[in-house]
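In the working numbering, the protein residues as written are 7 to 174.
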């Protein structure tokens, strides 16, 4: 008769346990509903935070890990060839961009160099015009020691040197 007491909670007509006849399950359900009624908002907030963390941090990493894992395990020569061709096209594109930038830089440097050369030529021509205007004809107003003449710096006396004879 002991075996009958073990199976009295099972109601085979309903397909399993009867929660009203089982005190353990009834207590568990009432405790669960009590917990939900007291802490339901906190539980909902916690689930929302966990979902956001999962979608922002763990989800994308897991997806990328899974796709990389599938790519590593399944080797397809056609796909590898396509990836190689795409990589070569990208390299060629980058090389063309780099060559175009180098050509632009070269043109800018040549232009800058020609501008500097033209500026030097203009300065030289300006210098020639100015020096022609400064030159005065030799005549009665010519005073070579006054310092106002042509291109010289005026009169400077000869430098005195000390004799190295050693005597007295």
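Each residue gets a CB set at the ideal place from its N, CA and C atoms; glycine is no exception. All values derive from a computational prediction rather than experimental measurement.
Alpha-carbon spacing of residue i relative to residue j, whole angstroms
i, j, result
"residue 118", "residue 91", "40 Å"
"residue 51", "residue 76", "35 Å"
"residue 108", "residue 94", "21 Å"
"residue 55", "residue 82", "40 Å"
"residue 35", "residue 57", "26 Å"
"residue 113", "residue 88", "37 Å"
"residue 69", "residue 86", "21 Å"
"residue 123", "residue 168", "47 Å"
"residue 120", "residue 134", "21 Å"
"residue 105", "residue 116", "16 Å"
"residue 166", "residue 111", "56 Å"
"residue 59", "residue 102", "43 Å"
For residue i, three-class secondary structure by DSSP
i, result
"residue 48", "helix"
"residue 167", "coil"
"residue 57", "helix"
"residue 37", "helix"
"residue 162", "coil"
"residue 82", "coil"
Close-in-space but distant-in-sequence residues of the same chain around residue i (CB under 8 Å, 5 per side omitted)
i, result
"residue 7", "With a pLDDT of 46 at residue 7, under the threshold of 50, the predicted position of this residue should be treated as unreliable, and no value is reported."
"residue 164", "none"
Same chain only: Cβ atoms within 7 Å of residue i, ignoring 5 sequence neighbours per side
i, result
"residue 126", "none"
"residue 33", "none"
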